[in-house]
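2 protein chains.
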Amino acid sequence: MKKNNVTLKDVAKFSGVSVPTVSRVVNKEKYVSDEVKEKVLSAIKELNYTPQWTARSLRLKRTHTIGIIIPNVSDYFFGSIVLAVENYFRKKNYDIILFNTSNDEDIEERAIKLAISKRVEGIILATISKNEKKISSLISNFGIPIVVVDNKLNIKNIDQVLSDDVGGSYKLVEHLIKQHGYKNIACISGPLEESSSFEKLRGYKKAMEDNMLTVDDSLIKVAYWKKSKAFEATRELMENSHKPEAIYCMNANMLIGCLRYIIEKKIMIPEDLALVTFDDYDFVSVVYPPVTSLKRIDIEMGTIAAEILFKRIEGCEEDYRIVRIDSDLVIRNSCGCA
Amino acid sequence: MKKNNVTLKDVAKFSGVSVPTVSRVVNKEKYVSDEVKEKVLSAIKELNYTPQWTARSLRLKRTHTIGIIIPNVSDYFFGSIVLAVENYFRKKNYDIILFNTSNDEDIEERAIKLAISKRVEGIILATISKNEKKISSLISNFGIPIVVVDNKLNIKNIDQVLSDDVGGSYKLVEHLIKQHGYKNIACISGPLEESSSFEKLRGYKKAMEDNMLTVDDSLIKVAYWKKSKAFEATRELMENSHKPEAIYCMNANMLIGCLRYIIEKKIMIPEDLALVTFDDYDFVSVVYPPVTSLKRIDIEMGTIAAEILFKRIEGCEEDYRIVRIDSDLVIRNSCGCA
DNA sequence: ATAATATATGATAACGTTTTCAATAACGTT
DNA sequence: AACGTTATTGAAAACGTTATCATATATTAT
Numbered sequence: 000m001k002k003n004n005v006t007l008k009d010v011a012k013f014s015g016v017s018v019p020t021v022s023r024v025v026n027k028e029k030y031v032s033d034e035v036k037e038k039v040l041s042a043i044k045e046l047n048y049t050p051q052w053t054a055r056s057l058r059l060k061r062t063h064t065i066g067i068i069i070p071n072v073s074d075y076f077f078g079s080i081v082l083a084v085e086n087y088f089r090k091k092n093y094d095i096i097l098f099n100t101s102n103d104e105d106i107e108e109r110a111i112k113l114a115i116s117k118r119v120e121g122i123i124l125a126t127i128s129k130n131e132k133k134i135s136s137l138i139s140n141f142g143i144p145i146v147v148v149d150n151k152l153n154i155k156n157i158d159q160v161l162s163d164d165v166g167g168s169y170k171l172v173e174h175l176i177k178q179h180g181y182k183n184i185a186c187i188s189g190p191l192e193e194s195s196s197f198e199k200l201r202g203y204k205k206a207m208e209d210n211m212l213t214v215d216d217s218l219i220k221v222a223y224w225k226k227s228k229a230f231e232a233t234r235e236l237m238e239n240s241h242k243p244e245a246i247y248c249m250n251a252n253m254l255i256g257c258l259r260y261i262i263e264k265k266i267m268i269p270e271d272l273a274l275v276t277f278d279d280y281d282f283v284s285v286v287y288p289p290v291t292s293l294k295r296i297d298i299e300m301g302t303i304a305a306e307i308l309f310k311r312i313e314g315c316e317e318d319y320r321i322v323r324i325d326s327d328l329v330i331r332n333s334c335g336c337a
Numbered sequence: 000m001k002k003n004n005v006t007l008k009d010v011a012k013f014s015g016v017s018v019p020t021v022s023r024v025v026n027k028e029k030y031v032s033d034e035v036k037e038k039v040l041s042a043i044k045e046l047n048y049t050p051q052w053t054a055r056s057l058r059l060k061r062t063h064t065i066g067i068i069i070p071n072v073s074d075y076f077f078g079s080i081v082l083a084v085e086n087y088f089r090k091k092n093y094d095i096i097l098f099n100t101s102n103d104e105d106i107e108e109r110a111i112k113l114a115i116s117k118r119v120e121g122i123i124l125a126t127i128s129k130n131e132k133k134i135s136s137l138i139s140n141f142g143i144p145i146v147v148v149d150n151k152l153n154i155k156n157i158d159q160v161l162s163d164d165v166g167g168s169y170k171l172v173e174h175l176i177k178q179h180g181y182k183n184i185a186c187i188s189g190p191l192e193e194s195s196s197f198e199k200l201r202g203y204k205k206a207m208e209d210n211m212l213t214v215d216d217s218l219i220k221v222a223y224w225k226k227s228k229a230f231e232a233t234r235e236l237m238e239n240s241h242k243p244e245a246i247y248c249m250n251a252n253m254l255i256g257c258l259r260y261i262i263e264k265k266i267m268i269p270e271d272l273a274l275v276t277f278d279d280y281d282f283v284s285v286v287y288p289p290v291t292s293l294k295r296i297d298i299e300m301g302t303i304a305a306e307i308l309f310k311r312i313e314g315c316e317e318d319y320r321i322v323r324i325d326s327d328l329v330i331r332n333s334c335g336c337a
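Protein chains in written order, with numbering that gives the first Met the number 0: chain A, 0 to 337; chain B, 0 to 337.
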């Protein structure tokens, strides 16, 4: 395998013109004669020349690259975010560098530093959000535009695209209460240090309180977005003396764990237990019975985040803003007949 | 927001030494006195210096970046491949540039060219595999190591990591026949131009023929990996005069479409229809009833591909090889009692 | 016809690194 | 005292581009 490293210089020599002229041809600039253009183009084809972005980036001080930092690409939610961001930026001729943090703070911090070192022109960040000061200082020191998605950061001067967690939770729980008359509603939660969990919990509590129901803390189980923990949580709930009539899962991953217990114990849905979940991933409609949920907003979230980031990269100076995306119920059969 | 673009030169001036000396400190080289080292390090901290990879890459002719080119990140399978590759290469201090081809040949070709132009040091490619000659010439012209995953390419001189599609299919279909005595077995397939579909079909046919069953072409439906097409395919199959006793889905995404029809028509599994699917994604265990499938190999595939690519980048000259990863049945209740 | 402009090209410098290479100082060894 | 070795630094070149400037020619306007 020969290494092809043809440079402008080679093309220039081959076609008998100067290096800048070749550069002008490559970049389709004005002021180059048809004759020369043709000669150069055929030389480029002949030699198989490809511009080297490493050199270009150095000279132009533009990498045409953005970084996307998320906990886990293979997660339904983040996978879609990445997809949406990639689609948007690919059209704008930007490349995407992907960083997986595996929910680890240190890795996240290193990822941010690496992204900066690679001189990405912008960052989409889904943070686990415990190290706000560090992130804040990293950001302010380097002046790279960042858009935060999913989990809120308590930093001003930063754009954020978030789901309406309070409102979504409220809709789901209110549905259980008002449409079906359930009173004992359990909740399988993500880690409460993350804003998305915390706000979903707020929505749950508000729906309960607005309907004169008392919140029983023993019905709130933190399962850290994990299937296995959700399985355990469901077991604990169902073995509890105060058994719930319904369970609300804060995401679809935990729904899987929950369903595993339900299937193992042959619990009947909705007769023995009602079920709702936050995210309406495809499979949510094909478990049995299909589960009532909130319409997905991941693609929309990714696209909006990308739009905002792109504007910032182009130099937009508007006020920083927090976009909240809300979502509608998708009513299925997991709560009983409507 | 101030732009921080501190360079070696700035650090050098600040600490009263030369640029190469600062470089030596940054790269932890020998032959720099403790006194100078300390001075420089504090200057680096003071000025918030970060090395610029654009310049470094140009000088070193190494980008420490690999490209990963796949049809769709948000797909269960490819998301896991990306995850595995990212994890592997992150440990080796490589970055990942992600390219989504959306199953489009032209985009795929452009992605390869872009990756080359960015001077990635290697590529992981999940191709849709119709343009073998183009890819072949691109590859041979630039001498960048490539590892192909998922779909086979008929190119020699290239490493490939593939699943044992023939064998996997065979196991699933044989299970339906031998364990449960089904004879009329339908198949919902991906596009037959893709090697993975084609080979899965071969496995299906071989299992049928080995068991003296005739293959009825009207029971083979191409659904292009799509949920909606799989829904239609299932409808056609079930309305067919020659109704199948069992359906085999070539991937889990099509299983979702298939299940939607089944739920809509209240078809009973396994009483009215048995079901098996290729990939054992998490949700496959929580549809009702849980579906018999083949254990996932996506993470393993990604990791092995990454290992091979890394060795090639390091200059390994071994013969090119095709790795086939096989997988075991996960038997659940979608076919009847065993 | 002359000046003014538009077109076409190339020399040179610059982007921020790392890599020679040479120079100097410090250190023992004979 | 002369010498070789080792340690420590900096000057200059290089990586492959693009931008600035100057120059030369062609075209247009006066």
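For glycine and all other residues, C-beta sits at the position ideal for the given N, C-alpha and C.
As the structure is a computational prediction, the values presented were derived from the model and not from experiment.
Think of a sphere of 7 Å around the beta carbon of residue 54 (chain A): the chain B residues whose beta carbon falls inside it are 57, in chain order. At a cut-off of 8 Å between beta-carbon atoms, residue 258 (chain B) makes contact with chain A.
Look at residue 320 (chain B): its C-beta is not under 8 Å from any C-beta on chain A. In summary, the residues of the segment 71–87 of chain B whose CB is separated from some CB of chain A by less than 9 Å are 71, 72, 73, 74, 75, 77, 78, 79, 80, 81, 82, 83, 85 and 86, in the order they occur in the chain. Residue 248 (chain A) is bridged by DSSP to A:187 and A:276.
Considering only beta carbons, the part of the segment 143–166 of chain A lying closer than 9 Å to chain B consists of 143, 144 and 156, in chain order. Across the structure, residue 104 (chain A) and residue 4 (chain A) are spaced so that their CA atoms are roughly 39 Å apart. The beta-carbon of residue 281 (chain A) is placed less than 8 Å from the nearest beta-carbon of chain B. Interface criterion not met: the Cβ of residue 264 (chain A) is under 8 Å from no Cβ in chain B. Residue 99 (chain B) carries a strand assignment under DSSP once its states are collapsed to helix, strand and coil. By the neighbour-count criterion, in which a residue is buried when 16 or more other Cβ atoms sit within 10 angstroms of its Cβ, residue 49 (chain B) is buried.
By the neighbour-count criterion, in which a residue is buried when 16 or more other Cβ atoms sit within 10 angstroms of its Cβ, residue 91 (chain A) is exposed. When DSSP states are grouped into helix, strand and coil, residue 209 (chain B) belongs to the helix group. Cβ contact annotation for residue 6 (chain B) (same chain, cutoff 8 Å, sequence separation greater than five): 48 and 51, in chain order. Here residue 15 (chain A) carries a coil assignment [DSSP, helix/strand/coil]. Unbroken beta strand (DSSP E) stretches of 3 residues or longer found wholly inside the segment 283–328 of chain A: 291–293 and 321–324, given in chain order. Nearest in C-alpha terms to residue 261 (chain B), of all of A:336, A:284, A:126 and A:98, is A:284. The closest CA to that of residue 292 (chain B), considering only B:95, B:250 and B:15, is found on B:250. Between residue 312 (chain A) and residue 121 (chain A), the alpha-carbon positions lie close to 7 Å from each other. The C-alpha of residue 73 (chain A) is placed about 28 Å away from the C-alpha of residue 185 (chain A). The CB of residue 97 (chain A) comes closer than 9 Å to the CB of 67, 72, 81, 85, 94, 95, 96 and 97 in chain B, given here in chain order. The residues 108, in chain order, have a CB closer than 8 Å to that of residue 133 (chain A) in the same chain once the five nearest residues on each side in sequence are set aside. Interface flag for residue 47 (chain A) against chain B is set, since a Cβ pair is found closer than 8 Å. Counting along the chain, residue 62 (chain A) sits inside no alpha helix (DSSP H), nor does DSSP assign it H or E at all. In this structure, A:85 is the residue among A:117, A:85, A:44 and A:31 with its C-alpha nearest to the C-alpha of residue 300 (chain A). Burial is judged here by how many other beta carbons sit within 10 angstroms of a residue's own beta carbon; residue 19 (chain B) has fewer than 16 and is exposed. Contact annotation: in the segment 174–186 of chain B, no residue has its CB less than 9 Å from a CB in chain A.
Scanning chain B for C-beta atoms nearer than 8 Å to the C-beta of residue 289 (chain A) yields 262, reported in chain order. Cβ atoms of residue 194 (chain A) and residue 242 (chain A) stay farther apart than 8 Å, at about 30 Å. About 7 Å separates the Cβ atoms of residue 246 (chain B) and residue 236 (chain B), confirming a contact at the 8 Å cut-off. Note: residue 66 (chain A) is bridge-paired with A:96 and A:122 in the DSSP secondary-structure output. Near chain B, meaning a CB-to-CB distance below 9 Å, no residue of the segment 228–239 of chain A qualifies. Interface criterion not met: the Cβ of residue 302 (chain B) is under 8 Å from no Cβ in chain A. Short of 7 Å from the beta carbon of residue 106 (chain A), and not among the five residues preceding or following it, lie these beta carbons of its own chain, in chain order: 100. For residue 140 (chain B), a Cβ of chain A is located within less than 8 Å of the residue's own Cβ. Residues of the segment 108–135 of chain A with a Cβ closer than 8 Å to any Cβ of chain B, in chain order: 112, 113, 115, 116, 117 and 118.
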